[in-house]
Amino acid sequence: MLYKYDSVAKIKESRQYKALQEKCRANPTAYTMFDLVGWYNDQLASCREFMEQYDECLSWLVDVKDIGLGDEIHGR
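Heads up: the sequence shown begins at 1 in the numbering used here, then just goes up one per residue.
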């Protein structure tokens with residue numbers, strides 16, 4: 001898969017992130033924060049570092065469920 005960003009830090013260095021961050025500073029409302037957080041979360045799917053960690057977490061959960069401990073760990 002081709003990723004737009006190599007690391008989470010690269011997302012935060014992008015022009016769009018900095019512009020949304022300035023918008024939040026100038027007008028700190030729930031709407032501007034939602035714009036920044038929403039955009040940032042959308043970018044995580046395009047980030048190699050995040051997706052590799054996400055895949056590791058998912059594979060660990062699958063392994064735990066395979067040995068019958070998934071419900072105990074999640075408090076079910």
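Glycine included, each C-beta is placed from N, C-alpha and C at the ideal position.
Quick caveat: nothing in here was measured; it's all calculated off a predicted structure.
{"Query": "Using the DSSP secondary-structure output, state which residues sit across from C47 in a beta bridge.", "Result": "Y5"}
{"Query": "When you compare the CB positions of Y3 and C47, do they come within less than 8 angstroms of one another, or not?", "Result": "yes"}
{"Query": "Evaluate L20 with the Cβ neighbour count: other Cβ atoms within 10 Å of its Cβ, from every protein chain shown; 16 or more gives buried, anything less gives exposed.", "Result": "buried"}
{"Query": "I need the straight-line Cα distance from A45 to D35, nearest angstrom please.", "Result": "17 angstroms"}
{"Query": "Pull up the distance between the alpha-carbon of A26 and that of C57, whole angstroms please.", "Result": "37 angstroms"}
{"Query": "Which word fits Y5, buried or exposed, when buried means at least 16 other C-beta atoms lie within 10 angstroms of its C-beta?", "Result": "buried"}
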